[in-house]
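In this note's numbering, the protein residues as written are 2 to 391.
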């Protein structure tokens, strides 16, 4: 690589990493507890658990589950109904003053007895604060897009770092740390080595995190394209005054999609459906397919299916990126791996910041008598002199 090309790549690496480093540190620190959000909820006593019952205990009608929520909040309307993929014993019912109420209430209802178990407390909790700092900085869509831009800068910093790593490190043994060259070179070697070790993971998490920030925009695009096609026959019709049985609607959806399970239900008027439909989103039962949904639209009056189709590729990509970002695919071992790599990445980011802050520190006395080493001989004097090793 020519000296001019090295300087250009070093400039790209320095500024892309400097701009995003503080925010990436924030995302790594807040993402760490989110990897273990279930375990932390249980440890803090915030998790709601269903009482033990026989495995063959029949499930209650969804109409009774909804009625239990309405009895608790008679003035509110149902918005969503969902279950955890690994715990079918609890239904989580979301209710609000209107179908798009942002100050909704979440109610946990026993799926077998239709009894209210409690109201999950998320907003204001430790995990709630970590979630908002990680997802949108409490700034809504603009916060998400800003963090998405920081994710893009991280990807650029990683790619430019790899480009610089190749010519400067090819003469060194992998993992070699030159302690005799002073603390800055030692930290530089550690930064480079751990950066390469976490390269693939950082690219995956950075790219999927960036994709996740587009969720609201992708959903809106789906609403005005494919969803609009699915509900076109109902355009201009007055909304229903009486809703049909949710239990019958669910049975029709399950019969139409054998081998799939219910993911969540959107009630009429919510963003995932129309004022005339129940939106029943079915999912697979494998590790990967359990994250992929297929919408089944049900006429909210007749409980008959009006349309069902696979999600478009861009929403499929979004749904795949979400659990991959948090390491939700492979159980406890993958959670541990994600957490360990997260901690190493915190060190890489911190060491990069340290190298930049120490860019003006004087070199060790012995370095003055050492001839300048060319980049192709495996050293980094050009970067060290200007501070681009960050």
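Glycine included, every Cβ here is placed at the ideal spot set by N, Cα and C.
Contacts around residue 14, its chain only, beta-carbon distance under 7 Å, and the 5 residues preceding and following it disregarded: 158, 161, 162, 165 and 389
What is the rounded straight-line gap between the Cα of residue 116 and the Cα of residue 49? 13 Å
What does a CB cutoff of less than 7 Å around residue 92 pick up in its chain, not counting 5 residues either side in sequence? 66, 82, 84, 110 and 112
Validate contact between the stretch 343 to 355 and the stretch 30 to 40 using beta carbons, cut 8 Å, 3 pairs: yes
Straight-line Cα distance separating residue 294 from residue 400: An answer regarding residue 400 cannot be provided, because it is not within the stretch 2 to 391 covered by the chain.
Between the C-alpha atoms of residue 18 and residue 203, what's the straight-line distance to the nearest angstrom? 13 Å
DSSP three-state assignment for residue 394, whether helix, strand or coil: The structure shown has nothing for residue 394, since the chain only spans 2 to 391.
Please specify which runs of the beta strand (DSSP E), each continuous and at least 3 residues long, are wholly inside the stretch 271 to 310, giving them in chain order. 278 to 284, 294 to 300 and 306 to 309
Helix, strand or coil for residue 141 per DSSP? helix
Check each candidate in 156, 217 and 130 and name the one with the smallest Cα separation from residue 146. 217
Between residue 299 and residue 254, which are expected to be in contact by the criterion C-beta below 8 Å, what is the C-beta distance as a whole number of angstroms? 7 Å
Specify, as a first and last residue, the run of the beta strand (DSSP E) that residue 212 falls within. That residue, residue 212, is in no beta strand (DSSP E); its alpha helix (DSSP H) goes 200 to 213.
Given 8 Å as the limit, is there contact between the stretch 188 to 201 and the stretch 269 to 284, that is, 3 or more CB pairs closer than that? no
Every unbroken beta strand (DSSP E) within the stretch 76 to 141, with a cutoff of 3 residues, ordered by chain: 78 to 85, 88 to 97, 106 to 111 and 117 to 119
At which residues does the beta strand (DSSP E) containing residue 266 begin and terminate? 262 to 267
Could you tell me if residue 358 is buried or exposed, where buried requires 16 or more neighbouring beta carbons within 10 angstroms of its beta carbon? exposed
Return no unless some Cβ of chain C is closer than 8 Å to the Cβ of residue 11. The displayed structure is made up of one protein chain only, and chain C is not part of it.
Given residue 258, which residues of its chain have a CB within under 6 Å of its CB, disregarding the five upstream and five downstream residues? 283
Residue 151 (DSSP reduced to helix, strand or coil): helix
Classify residue 351 as helix, strand or coil using the three-state DSSP reduction. helix
Determine the contact status of residue 51 and residue 107, defining contact as a CB-CB distance below 8 Å. no
Give every residue of the same chain whose Cβ lies closer than 6 Å to the Cβ of residue 335, excluding the five residues on either side of it in the sequence, and list them in chain order. 328
Would you say residue 313 and residue 223 are within 8 Å of each other, going by their C-beta atoms? yes
Beta carbon of residue 25, beta carbon of residue 350: below 8 Å? yes
Do the CB positions of residue 219 and residue 316 come within less than 8 Å of each other? yes
On the three-state DSSP scale, how would you describe residue 222? helix
Where residue 62 falls: helix, strand or coil (DSSP): coil
How big is the Cα-Cα spacing for residue 141 and residue 55? 43 Å
On the premise that residue 275 lies in contact with residue 232, defined as a C-beta separation below 8 Å, what is that separation, rounded to the nearest angstrom? 4 Å
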